[in-house]
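Asks: Before anything else, here's the structure in question.
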Amino acid sequence: MTADPKVLEERAARLRSFLERNPRDDTAWFGLGRALSDLERPGEAAGAFRRAVELRPDYTAAWRDLGRALLAAGDAVGASDALRQGLAAADRTGDLQAGREIEVFLRRAT
């Protein structure tokens, strides 16, 4: 965990409150996913990352972290699918760094 669980819970609560008012904010969904990942709640994190990529299909970092969360939740098939979609997004956007990171996680998932 990267921070105090209490601080992470507070961050997640603030993001949830913000998202109630701004449900189409892909960056806030990503932030919520990161907070939940840091709290070691990968299933919930995956839901937040999934919402981020629904709102912005080329959000490569969200695809990468969706794959990571699904791997942590034990869903290797779902992780592989998400990571392949993320790799395609990285190719479309020219995001070489995210593409390399996604490839690493894809190897772990398969």
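Residue numbering for the sequence shown follows the working numbering, starting at -13 and increasing by one per position.
Heads up, the beta-carbon is just placed ideally off N, CA and C, and yes, glycines get one too.
Applying the criterion that 16 or more other CB atoms from any shown protein chain within 10 Å of the CB defines a buried residue, is aspartate -10 buried or exposed?
Replies: Exposed, because fewer than 16 other Cβ atoms sit within 10 Å of the Cβ of aspartate -10.
Asks: Between which two residues does the alpha helix (DSSP H) holding leucine 41 run?
Replies: Note, leucine 41: alpha helix (DSSP H), 28 to 41.
Asks: Rounded to whole angstroms, what's the CA-CA distance from glycine 29 to glycine 17? Just pull it up for me.
Replies: Going by the C-alpha atoms only, they are around 15 Å apart.
Asks: Measure the alpha-carbon distance for alanine 31 versus tyrosine 45 and round it to whole angstroms.
Replies: Cα to Cα, alanine 31 sits roughly 15 Å from tyrosine 45.
Asks: What's the C-alpha gap between isoleucine 88 and alanine 75?
Replies: The straight-line gap from Cα to Cα measures roughly 10 Å.
Asks: How would you label alanine -1, buried or exposed, when you count the other beta carbons within 10 angstroms and need 16 or more for buried?
Replies: Classification of alanine -1: exposed, given that the 10 Å Cβ count is below 16.
Asks: Identify which residue in Ser3, Leu52 and Ala95 has its Cα closest to the Cα of serine 23.
Replies: The residue with the shortest Cα to Cα distance from serine 23 is Leu52.
Asks: Going by beta-carbon coordinates alone, are alanine 21 and leucine -6 separated by less than 7 Å?
Replies: Yes, they are a contact pair.
Asks: CA-CA distance, arginine 50 and glycine 72?
Replies: Roughly 6 Å separates the two Cα atoms.
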